[in-house]
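Just below is one structure, and these are the notes that go with it.
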Amino acid sequence: MIPARGGMEQSGEHRIEAPATAVWAALNDPDVLARCIAGCQSMEKLSDTEFRAKAKARVGPVSALFDAELTLSDLDPPHAYTLSGQVKGGAAGFGRGSARVELVEDGGATLLRYQVRGSVGGKLAQIGSRLVEGSARKLADDFFAAFAEIAAEPQLR
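Position in the sequence shown counted from 1, then plus 15, gives you the working numbering.
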């Protein structure tokens, strides 16, 4: 296997107008997650700590269908967990990383904080770290914007 390169780190915080218990439930709901991931073709919950997903994505000139295997660990419901994953995109390359997600009550709302570390290999690593990081930031921003809206829906509380 080609070694992963292009290490990157990101962090952020989003305010979600819902209690932490509702946000936690949404973070563990494959249907909610699928609605939040651009290009998601499937999201399957294999167990309480494992998910499998397929999503079509474009990073600069590289476009592919990516298969992801995701695992939750360090569970502290409804406050925090660590999400680790491996993504394979065939000839486009691969990625792996982890994200620490923390939920903090803020009145009737919840602050969702995350720290992500990841790396890519194959063609993805060859297109340049700025382009990969910019694409990753946009994907994260789009995900959390959609997630904040969906998790605040009254029927999910």
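For glycine and all other residues, C-beta sits at the position ideal for the given N, C-alpha and C.
Residue i lies in the beta strand (DSSP E); which residues open and close that run?
i: Glu84; result: 77-91
i: Gln56; result: 55-62
i: Ala70; result: 65-74
In terms of residue numbering, what span does the alpha helix (DSSP H) encompassing residue i cover?
i: Gly149; result: 144-166
i: Pro45; result: 45-51
If you draw a straight line from the C-alpha of residue i to the C-alpha of residue j, how long is it?
i: Ala37; j: Ala166; result: 7 Å
i: Ala151; j: Gln101; result: 15 Å
i: Glu148; j: Gly122; result: 33 Å
Using the beta-carbon count (16 or more within 10 Å), is residue i buried or exposed?
i: Leu90; result: exposed
i: Ala160; result: exposed
i: Gly110; result: buried
i: Ala53; result: exposed
In this structure, what does DSSP give as the bridge partners for residue i?
i: Gly27; result: Tyr129
i: Val102; result: Ala83, Gly110
Does the distance from the C-beta atom of residue i to that of residue j stay below 8 Å?
i: Glu117; j: Leu85; result: no
i: Gly112; j: Arg132; result: yes
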